[in-house]
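Engineer:
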Amino acid sequence: MTGLALIQGLLLAAGCLFFIVGTVGLLRFPDVYTRIHALTKADNLGLGLIVLALLPSVQHLSQAAKLILIWILVLAASSTAGYLIARYSRRHEDTK
Numbered sequence: 000m001t002g003l004a005l006i007q008g009l010l011l012a013a014g015c016l017f018f019i020v021g022t023v024g025l026l027r028f029p030d031v032y033t034r035i036h037a038l039t040k041a042d043n044l045g046l047g048l049i050v051l052a053l054l055p056s057v058q059h060l061s062q063a064a065k066l067i068l069i070w071i072l073v074l075a076a077s078s079t080a081g082y083l084i085a086r087y088s089r090r091h092e093d094t095k
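Numbering of the sequence shown is given in numbering that gives the first Met the number 0, commencing with residue 0 and proceeding in unit increments.
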């Protein structure tokens with residue numbers, strides 16, 4: 000096993016761990032705001048670590064660009080979805 004493969008394995012494991020931690024936060028936290036916070040932060044960091052682990056394995060620069068573009072799009076979608084969920088929850092609480 001080379002040093003690069005070891006680093007990639009550690010980054011993949013860390014990324015998966017962040018996904019698990021985000022899921023646990025989603026299930027354990029008491030309200031929607033803390034759940035959104037835990038899930039979006041952990042998932043974005045987890046995906047970033049997984050993309051970082053995959054980048055040395057790509058064969059062409061276009062593949063690396065696709066991985067980074069996917070990560071950026073997921074970051075944008077995640078933050079937008081988190082904002083919309085929090086806004087809906089806030090408005091729904093005010094009407095009760």
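Here a beta-carbon is modelled for each residue, glycine too, at the ideal position from N, C-alpha and C.
On a predicted model such as this, the values are computed, not experimentally measured, just so you know.
Less than 7 Å between the beta carbons of Trp70 and Val57, yes or no?
Structural biologist: As a working note, residue 70 is residue 71 in the sequence shown. As a working note, residue 57 is residue 58 in the sequence shown. No. Outside cutoff.
Engineer: Using 8 Å for Cβ pairs, my map puts Leu25 next to Leu46. What's the rounded Cβ distance?
Structural biologist: Position 26 of the sequence shown, counted from the start, is the residue given in the question as residue 25. Position 47 of the sequence shown, counted from the start, is the residue given in the question as residue 46. About 15 Å separates the two Cβ atoms, so there is no contact after all.
Engineer: Name the residue from Pro55, Phe18, Tyr32 whose alpha carbon lies nearest to the alpha carbon of Asp42.
Structural biologist: Residue mapping note: residue 42 aligns to position 43 of the sequence shown, counting from 1. Asp42 has its Cα closest to that of Phe18, out of Pro55, Phe18, Tyr32.
Engineer: Restricting to Cα atoms, I'd like to know which of Ala52, Leu3, Thr33 is closest to Leu100.
Structural biologist: Because the chain in this structure spans residues 0 to 95, residue 100 falls outside the shown range and cannot be described.
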